[in-house]
Each structure stands twice: as C-alpha cells, then as structure tokens.
Amino acid sequence: MVSRYHQMKLFTGTANPALAQEIADYLGVSLGGVRISRFANGEIYVRYDESIRGVDVFVIQPFSKPVNETLMELLIMIDALKRASAGRITAVIPFYAYGRQEKKTAPREPITARMVADILSAAGADRILTMDLHSPAIQGFFNIPVDNLTALPQLSAYIKEQNLTDGVVIAPDAGAVKKAEKLATSLHLPLGVMYKRRPAPNVAEMSFFIGDVEGKSPIIIDDMIDTAGSLSQVINALVERGSKDIHILTTHGVFSPPALDRMNRPNIKELVVCNTLPLAPDPNYPKLKILSVAPLFGDAIKRIHKNISVSDLFD
C-alpha cells in the first residue's frame, strides 16, 4: 500500500537518543532537528528546526529516568508538532512507564496507566508504537491505534544460540506465564511457574512454585526488571531446588539500585536485556548482554508509514 503522507521524519527526545540514532540508521534517514532545553526553574522548552507541515512524524521517547521528566518532554514535543500542523504524529515509546499501575489493587488508588494514555491522546498523538507493555490490556486504555511490539523473537533467537539442552523456562509470576509459554514452545523446553504476591510497591512474597529445576538451567523471562527484589527471591527459590546456572531474559532494564548488584551473583550465568532504555556495557557487570531492538522498531515505523500491517512482523 502507498502512504497518504509523502514524507516521513524521525525526531528524538533526550530519553534514549542512541536508540533513536540506531533506528534512523537502520531506515537510512537522518534524525530531524529539534531543540530541547530547560528554563532556570526546570520548565521544558521545545522548538523544531525544520518544517513538519503535513509530514508523517515519529517521535522516539521511552519513559526513562526521571520518568516524569521524559513523559512531560514527550507531551510538549507532541504539542509543538500538533501546533506546527504535522500530518500525523506517532509517539514511539519503547518503554511505557506506569504500566504496573494498570488496575486498582486497593481502595482509593489511581489507574495511572490509563491516565497517561489519556494525556498522550489529549496532547495530540495520533498513534502509539511501543514494546512489551506490562499488561496487554493497556492497549485498550487508548482511543487511538496502539502497536505493541514484542522482543520475544530476539530474546528467543539469542538463547537458542546457547544450545541449552537442559534448560527450563521460568515465569517469575502469573503475569509472565503467556510470554514464558511462548518462549518454552519456541525452544522446545519445559515450563516452570513461580507465584508471588505484592503487599507493597517493589515488595514481593513468593507463595509457591510449579515445575522441576533440579540439575537444570533455568531461563527466567519477564517484561522488565526494576529493583530486582522479587527476582532475587525467585533466584533463591530456584537455587534451593537444585538448579544450575541461571539465564535471565528481559525486555526493559529499568535497573533501579540495587538491581545490578543483586544480579551480580555466581549462580547467574547472564542477564540479557534489550536497549529500550539507555544502557551501556559495564565492566563491573560482565554478565550483562544488551540486544538492540532498533531493527524491529525500524521495520514497524516503515510499515506504519506505508500503511502495511505491523502484526505481520510476528506471523
């Protein structure tokens, strides 16, 4: 199909310019010029350096730390595009923060994932392109199209190269079961499931485990790692049950302290993460492996611009 927009432009905020540049390089285009600065009191100022009237615009901005700053920066970038008569505005959000607050778990709590969806639409976004939402139901919070990519094919391809014939795929909680099932099927390996409850944010309590890991190499798959507190408990439970070297796969490496220190232990073979958030190899954490999702985002952007199905990327 042919795009109704003759021209496409990519812009990046300050959250992860390295990933944005990789995506631009993959597509063979240059990132557009945009000035982003702060007033003395911290207010954000944005000005585009080129005409975007009638252009199909993609703004790349994951919600990296500080989350509220990068979110507000994206909203202001979108508002500036709308007021400059951009043809269509796609917010490319590799990591969608506030995804853990997608439902009420206690009285008088907000549903912040929905609120963020509302303000993105209100700011002027016409479409959202993201990856591995914490809950697929978040797509339904938007009244605009949402393409939720998955890094599972890249993670699966990487672990296949390790040839873990004694592997067992582990879902660290009930929310990760579907993803773990797909990975286990892809790798032709058995599945184990850990169940936990969260009495407070960043606090988890293990309840019970289903599966057999004795003498096997667990492959833990989850959408994100924040403080790694609950993940540490999962690892302890696996070690207590006689597991061998542990492999950890995740899309989003939030890594709030002391996450990496918690993961720097001898029974962890490797920690594999995608570059949806700004990361760099660290000699202090040699087990950290970073996979690029730039080609996947590049292909999705190309398909959106040309009005071609994005879901076909995973069929």
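The sequence shown begins at 2 in our numbering and counts up by one. Quick reminder that beta carbons are idealized off the backbone N, C-alpha and C, glycines included.
Nonlocal neighbours in the same chain, by C-beta distance under 7 Å from residue i, ignoring five residues either side
i	result
ALA229	ALA260, ARG263, MET264
GLY299	ILE24, TYR27, LEU28
ALA138	GLU103
LYS10	GLY33, ILE53, VAL56, VAL58
ILE160	LEU188, ILE220, HIS248, LEU250
MET73	ILE45
PHE142	ALA114, ARG115, ALA118
VAL30	LEU11
Cutoff 8 Å; reference residue i; Cβ partners in own chain excluding five residues on either side
i	result
ALA19	ASN276, PRO279
LEU292	ALA152, GLN155, LEU156, TYR159, VAL273, VAL274, CYS275, ASN276
DSSP bridge partner residues for residue i (one or two, in chain order)
i	result
PHE12	VAL60
SER38	TYR46
LEU250	ILE222, VAL273
LEU130	VAL93, ASP148
ILE211	VAL194
Segment limits, alpha helix (DSSP H) that includes residue i
i	result
VAL18	Reading the sequence as shown, one finds Pro at residue 18 and not Val. Segment 18-28, the alpha helix (DSSP H) holding PRO18.
ALA124	113-124
LYS290	LYS290 -> not in any alpha helix (DSSP H); beta strand (DSSP E) instead, spanning 289-292.
ARG84	68-84
ARG263	260-264
GLY230	230-241
PRO296	295-306
Range of the contiguous beta strand (DSSP E) that encloses residue i
i	result
ASP223	218-226
VAL274	269-275
VAL93	89-94
When the options are compared against residue i, the one with the closest alpha-carbon
i	options	result
ASN144	THR151, PHE12, GLY125	GLY125
VAL294	GLU162, ASP133, ASP316	ASP133
ILE222	SER231, MET73, ALA177, ALA16	ALA177
VAL235	ASP174, GLY216, MET225, ILE129	ASP174
ASP50	LEU82, GLN62, LEU76	LEU82
ALA87	VAL255, ILE61, ASP127, HIS253	ASP127
PHE209	GLU215, SER233, LEU184, ALA238	ALA238
Cut-off 6 Å between Cβ atoms - residues of its own chain near residue i, not counting five sequence neighbours on either side
i	result
ASN268	VAL240, ILE247
VAL68	ALA98
ILE211	VAL194
Output the residue ranges of the beta strand (DSSP E) runs that lie fully inside the region 144-205 and measure 3 residues or longer, sorted by chain position.
147-150, 168-172, 192-201
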